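For reference, the structure is listed below as structure tokens.
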Amino acid sequence: MSTDALALPRTERPSRPLVDTLHEWVTTVDHKRLGILYLGYALVFLVIGGIEAGIMRVQLIRAHNDFVSPQVFNRMFTMHGTTMIFFVVMPLVFGFANYLIPLMIGARDMAFPRLNAFSFWLTAFGGLLLYFSLVGANGLYGAGNAPDVGWFAYAPLTSRTFSVGHSTDFWTLSLLVSGFGSIGTAVNILTTILCMRCPGMSLAKMPLLAWLNLVMSCMVILAISPLTAAQLMLLVDRYLGGHFFDTQAGGSAVIWMHFFWVFGHPEVYVLVIPGFAFASEIIPVFSRKAIFGYPVMVAATICIGFIGMSVWAHHMFTVGMDSNANTFFVLSTMAIAVPTGIKIFNWLATMWGGKIEFKTPMLFCVGFLFQFLIAGLTGIMLGAAPFDWQLGNSYFVVAHFHYVIVGAILFTIFGAFYYWFPKMSGKMYIETLGKLHFWLFLVGFHLTFDFMHIPGLLGMPRRIYTYEPGRGWDIWNLIVTIGVFFQAVGIVVFVVNLLWSYFKGTIAGSDPWDAWTLEWSTPSPPPAYNFASIPEVKSRRPLWDVKHPDDPDWKYE
Amino acid sequence: MGRTMNATSIALNDQELNFSRPARGRVGMFVLIVAEAAIFTIFVVAYLFYIGKSLTGPVPKDVLSVPIFYTICLLSSSLTIHLAAKALRLGSVRSFATLWIATIALGAAFVYGTATEWHRLIYHDGLTISTNLFGTTYYSLVGLHGFHVVAGLVALSIVMALTLRGNVKSEHAERIDVLSLYWHFVDVVWVVVFTVVYVIGR
């Protein structure tokens, strides 16, 4: 009953042949193993996508550079974008959701374990399909290689006429396949949260992470499905001679943009809401306070979910819509800043007056708060249609969305890695290396993405493979590229820290952070099926109740 | 159990918890249906957007005839599957099997209707998926629905085979309910597709 029990020795298992272990991992339906598979898979692709970004930055380090050809540059930005969104951040988000949700709601596994494994392997296969284009896409034409149509693949560039060979087919098929995987995972997460909660855990007593992943999964269902439909249409066009996006036969290129961004913008919230979820778990624990305004956090998240579905065409101001459409999408884009702002104030209020410990996870979350604020501010700037007419498709846009995806999402994900690494591996990471990673990455991030705004304001368009000297862009591009090296070293420190700690780290114990949610009541790493007896809870912080029987939370909630 | 599982036990047994959660099969199916509905929505939007935009013929009002009989077949299969599920709940496997076969027959009739319609359109009217925008959107939308009917028929047939082997009993009623939810969804989609293609689009 007490925390002394945590130190019980574990029985030694004899070592088994590698083939057995591999077979066990490939055939597993355990949510924790699948979660780790997602995370490991995503980290591999993070390195690949990072290398692609590095190649682009080296090419742009000075005017008239010829490190890579324009064709290769096009392939690099296409692969970088597609990889990072679909095969890095999505699997990271799903990996943590898979691992944590059953543990946090007191369940033994996801609602549909086999569907869970199926979804993971679909996603994995999608990533392999995308990269198989490097060898398989030449076909008989000799013109294809990796896809080079950009990550949003506007029509009519994707038609047979302009995309010969099969590289675009690999792009569309890989997104189709991984999209089915994402829908499967979202069905699973939603069902798990609604149906598998332990006794006593009403919706209003769930950890915020579960709530936010509930909203995220709803958005996956409503956003990935349109993408799937659009990819099916593209396949009809490319393989069956259809005319959905064929402007020569009366089809519309703009409708592809609508279909893509109906997916594309909610996707941003699909990725950032789990980031909010990590921050909502980490910030209270390291501030030693319960989260401020739990019901408001839930309401704001649902609000973001709703409004987030109706802002997509702010990606299309420069396409030329009528003024009613422009007005609607400007206003909805401005409106979404309100619930987002509420969340930032809630995190700040959680920290306010707390006993803050700046451990690595907390450092990443504090970095996230500042950076997400700035990302939101440039988002409001770009959300004003006249401003967007000026800066649409410039490096200002690139800087803005990298501020969201790296500065907010990736920072919280790093925080989540450090926070739950002791639970997943049973070992403690090295705090010094963690802090080194944070500072290297923070410096690199700000060198790269702060200064990337400036060439954008000076008129540098995105997706150009080189530029003329003397436009005032040179020095900024140099600084931006230097920042990439800091980030790369930070990632190396991160990976070294995880690997070293996994093999040689000190034993973490079941609850190294003195935290309050159910996953910390299990040993680290948790055994198969998580809980010997299903827990019952009476408040949002069940472990607080156990640790402080004199003053439990349920007296106040 | 060789290992400690719950290190910290958190059972708070001092009061009886009155706590219920929805059945996961139904919830999972509902969520899947929402996802499918979103996919269909995009195809319906594309269909509506491209009405009257074909640059060449044939156009809907020359070649489409309203498939009333097959629509009645599909819609009444919703009734038979509902009665079948109800019969199984009440423990009557025999009448379940009869109604289930009726459902499969009605669904198959609908697929046959679509097949003959497509055959006529392709060989008589010269309309294929690549002829014009109408052909592209028509075959995609009706085909996507038809694919769902066929998938449903496969699932229904598997249940039928299991029933004939004597494996389906009244304790499986809840699972049969989940499958019938999907079948109802396919029918509702047909109401939308029918309205869009044969009423508005014509």
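Protein chains in written order, with the working numbering: chain A, 149 to 705; chain B, 909 to 1110.
Positions of the beta carbon are idealized from the N, C-alpha and C atoms, including for glycine.
Computed from a prediction, not measured in an experiment: that's the story for all the values here.
Under 7 Å Cβ-Cβ, which residues of chain A neighbour residue i?
i, result
"B/T1044", "V384, G390, H391 and F392"
"B/F927", "P347 and G348"
"B/I989", "Here the premise fails: no neighbours, minimum Cβ distance about 22 Å."
"B/P975", "Within chain A, no residue comes near B/P975; the closest Cβ sits about 23 Å away, beyond 7 Å."
Exposed or buried, what is residue i when buried is set at 16 or more other beta-carbons lying within 10 Å of its beta-carbon?
i, result
"B/S928", "exposed"
"A/E684", "buried"
"A/H585", "buried"
"A/E579", "exposed"
"A/N264", "buried"
"B/M909", "Bear in mind that a pLDDT of 34 at B/M909, under 50, signals an unreliable position, so the model cannot answer this."
"A/I430", "buried"
"B/F977", "exposed"
"A/D470", "exposed"
"A/Y704", "exposed"
"B/Y1031", "exposed"
Out of the options, state which residue places its alpha-carbon closest to the alpha-carbon of residue i.
i, options, result
"A/I612", "A/W173, A/M252, A/P509 and A/V546", "A/V546"
"A/M367", "A/F318, A/V467, A/T498 and A/C451", "A/C451"
"A/G398", "B/G933, B/F957 and B/A946", "B/F957"
"A/L362", "A/A425, A/T488 and A/L584", "A/A425"
"A/G582", "A/G657, A/F506, A/I553 and A/L530", "A/F506"
"A/T333", "A/L357, A/V312 and A/M364", "A/M364"
"A/W299", "A/H696, A/L323 and A/H314", "A/L323"
"B/T1008", "B/I959, B/L940 and B/A1069", "The sequence given here has Trp at residue 1008 of chain B, not Thr. For the residues B/I959, B/L940 and B/A1069, the minimum Cα distance to B/W1008 belongs to B/A1069."
"A/F122", "A/I578, A/L588, A/S542 and A/P347", "Since the first residue of chain A shown is 149 and the last is 705, residue 122 of chain A is not available in this structure."
"A/H314", "A/G327, A/A294 and A/G329", "A/A294"
"A/S326", "A/I372, A/P534, A/H462 and A/V283", "A/I372"
"A/L194", "A/P671, A/V640 and A/S658", "A/V640"
"B/L1035", "B/G936, B/F948, B/Y955 and B/G965", "B/G965"
"A/N541", "A/A447, A/F465 and A/I249", "A/F465"
"A/F434", "A/I682, A/Y186 and A/W661", "A/W661"
"A/T629", "A/Y189, A/A201 and A/S163", "A/A201"
Using the Cα positions of residue i and residue j, report the straight-line distance between them to the nearest angstrom.
i, j, result
"A/D693", "A/W702", "8 Å"
"A/F310", "A/S281", "17 Å"
"A/F407", "A/V416", "15 Å"
"A/L338", "B/P930", "12 Å"
"A/D317", "A/L383", "8 Å"
"A/T508", "A/R345", "30 Å"
"B/K902", "B/H1053", "Since the first and last residues shown for chain B are 909 and 1110, residue 902 of chain B lies out of range."
"A/Q519", "A/G555", "5 Å"
"B/R1002", "B/I950", "41 Å"
"A/W233", "A/M608", "The question names Trp, yet the displayed sequence has Ile at residue 233 of chain A. If you take the alpha carbons of A/I233 and A/M608, they lie about 24 Å apart."
"A/Y677", "A/R181", "11 Å"
"B/Q923", "A/C513", "Below a pLDDT of 50, predicted positions are generally treated as unreliable, and B/Q923, at 47, falls in that range; the measurement from the model is reported next regardless. The straight-line gap from Cα to Cα measures roughly 38 Å."
"A/D214", "A/A245", "43 Å"
"A/G502", "A/E172", "44 Å"
"A/R689", "A/A352", "12 Å"
"B/E1079", "B/G999", "8 Å"
"A/L154", "A/G592", "Below a pLDDT of 50, predicted positions are generally treated as unreliable, and A/L154, at 47, falls in that range; the measurement from the model is reported next regardless. Their backbone Cα atoms lie some 40 Å apart in a straight line."
"B/T1045", "B/F1004", "38 Å"
"A/P671", "A/F679", "10 Å"
"A/A291", "A/L388", "Residue placement at A/A291 cannot be trusted, given a pLDDT of 48 that sits under 50; what the coordinates show is reported in the next sentence. Roughly 21 Å between the two C-alpha positions."
With a threshold of 9 Å between beta-carbons, can residue i be considered close to chain D, or not?
i, result
"A/L362", "In the structure shown, chain D cannot be found, because the protein chains are A and B."
At a CB-CB cut-off below 9 Å, which residues of chain A make contact with residue i?
i, result
"B/P968", "Going along chain A, no residue has its Cβ under 9 Å from B/P968, so there is no contact; the nearest lies around 15 Å."
"B/R932", "A259, F260, T339, T340, L342, C343 and M344"
If the cut is a Cβ gap below 8 Å, which residues of chain A does residue i touch?
i, result
"B/F957", "S400 and I403"
"B/I1037", "V384, L388, G389 and G390"
"B/A1063", "Within chain A, no residue comes near B/A1063; the closest Cβ sits about 15 Å away, beyond 8 Å."
List, in order along the chain, the chain B residues whose C-beta lies closer than 7 Å to that of residue i?
i, result
"A/K373", "Note that residue 373 of chain A corresponds to Ser in the displayed sequence, not to Lys. Within 7 Å Cβ-Cβ: A943, A946 and I947."
"A/A397", "L963, N1040 and L1041"
"A/F407", "I950"
"A/I331", "A943"
"A/A377", "I947, I950 and F951"
Residues of chain B with CB closer than 9 Å to the CB of residue i, please, in chain order.
i, result
"A/L370", "V942, A943 and A946"
"A/L166", "In chain order: nothing, as chain B lies at least about 23 Å away."
Chain B partners of residue i, CB-CB under 8 Å?
i, result
"A/V335", "G936, V939, L940 and A943"
"A/C451", "By Cβ distance, chain B contributes nothing, its closest Cβ being about 20 Å from A/C451, past 8 Å."
Using a threshold of 8 Å, is the CB atom of residue i nearer than that to any non-hydrogen atom of the ligand GTP?
i, result
"A/L342", "Among the components modelled here there is no ligand, and therefore nothing to report on the ligand GTP."
Where are the alpha helix (DSSP H) runs, 4 residues long or more, that stay fully inside the stretch 518-546 of chain A, in chain order?
533-539
Whole alpha helix (DSSP H) elements within the stretch 425-457 of chain A, 4-residue minimum:
442-456
List in chain order: all unbroken alpha helix (DSSP H) runs of 4+ residues lying wholly within the stretch 449-510 of chain A.
471-483 and 485-499
In the stretch 930-997 of chain B, which residue ranges form an unbroken alpha helix (DSSP H) of at least 4 residues, counting only runs that do not cross its ends?
932-957, 968-971 and 976-997
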